[in-house]
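Engineer: Counting from 1435, one number per residue, gives the positions in the sequence shown under the numbering used here.
We treat Cβ as the ideally placed atom computed from N, Cα and C, and that holds for glycine.
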Amino acid sequence: MLDIFSRAVVSADASTSVIGSKELDSLKEFIAQGNRRLDAVNAIASNASCMVSDAIAGMICENQGLIQAGGNCYPNRRMAACLRDGEIILRYVTYALLAGDASVLNDRCLNGLKETYTALGVPATSTVRAVQIMKAQAAAHIKDQPSDELAGGKKRIMGSPVVEDRCESLVSEAGGYFDAVISALS
Ligand SMILES: CCC1=C(C)/C(=C/C2=NC(=C\c3[nH]c(/C=C4\NC(=O)[C@H](C)[C@H]4CC)c(C)c3CCC(=O)O)/C(CCC(=O)O)=C2C)NC1=O
């Protein structure tokens, strides 16, 4: 498992070079923006159970066969496994966002997941739908702009200082980790 610092070391070593000023600049930027990153991780982590239950509920709402006999969220044992998987995936996305590197997500969560799902008959398209919903929720929480329309009574504003660009680069970095989950399952 790598983070942005160990990644710089491994990449430099692979070409037998020193850590150059370009790499140092990017690490400096990572440190300078560190508090925003921690706020972004917290925005997801502290809303995780609400995000997961909402995403799985949305996925089922759009495809109610999942909770009927023969569906992969039926009976409750499978429903529980599905909710648990949503939590696992979201947790690994937060780890990757904290580390600034996708390796923890790839190595410990996504590696072999598609094969496991195929073997168990877990429908990848439905999982992908739940992950897409979590991607949209994460963007709203990192920006600290959940909408009245979609969040309803559960809307929660974190109130952490959000800069003018609404943490655009962190939104897109987090989006990239969700996309990695989607492409690993597709
Ligand atoms: C650390 C990383 C890690 C991951 C990622 C993980 C996933 C994972 N999900 C599993 C099962 C499962 N996953 C689901 C998930 C779903 N069913 C649906 O219809 C939905 C589309 C979807 C939820 C979004 C279900 C229902 C099962 C149980 C399937 C069965 O036993 O028939 C299993 C098989 C073993 C078990 O049931 O616990 C694994 C290994 N386990 C891990 O340790």
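For S1460, which option in R1471, A1477, A1442, D1473 has the closest C-alpha, if you only look at C-alpha atoms?
Structural biologist: Checking every option, the nearest Cα to that of S1460 belongs to A1442.
Engineer: Whether or not the region 1486–1500 and the region 1566–1585 are in contact is what I'm after, with contact meaning three or more pairs of Cβ atoms, one per stretch, closer than 8 Å; do they touch?
Structural biologist: Yes: the two stretches touch, three or more of their Cβ pairs being nearer than 8 Å.
Engineer: Just to confirm, does S1594 get its C-beta within under 7 Å of one of the non-hydrogen atoms of ligand 1?
Structural biologist: No.
Engineer: Please work out which residues of its chain come closer than 7 Å, Cβ to Cβ, to A1536, disregarding the five sequence neighbours upstream and downstream, and give them in chain order.
Structural biologist: Taken in chain order, the residues that qualify are A1530, Y1611, A1614.
Engineer: Only counting the same chain, and skipping five residues up and downstream in sequence, which positions put a Cβ closer than 7 Å to that of T1450?
Structural biologist: Cβ within range, chain order: n/a, list empty.
Engineer: Express the C-alpha separation of R1590 and A1474 in angstroms, rounding to a whole number.
Structural biologist: Their backbone Cα atoms lie some 14 Å apart in a straight line.
Engineer: Using 8 Å for Cβ pairs, my map puts C1495 next to I1523. What's the rounded Cβ distance?
Structural biologist: Contact doesn't hold; Cβ gap of about 19 Å is too wide.
Engineer: Skipping 5 residues on each side, what residues in its chain have a beta carbon closer than 8 Å to that of Y1508?
Structural biologist: Closer than 8 Å at the Cβ level, and outside the excluded window around Y1508, lie L1500, I1501, Q1502.
Engineer: Between which two residues does the alpha helix (DSSP H) carrying C1484 extend?
Structural biologist: Its alpha helix (DSSP H) spans residues 1482–1496.
Engineer: Between N1506 and ligand 1, is the CB less than 7 Å from at least one heavy atom?
Structural biologist: Correct: N1506 has its Cβ closer than 7 Å to ligand 1.
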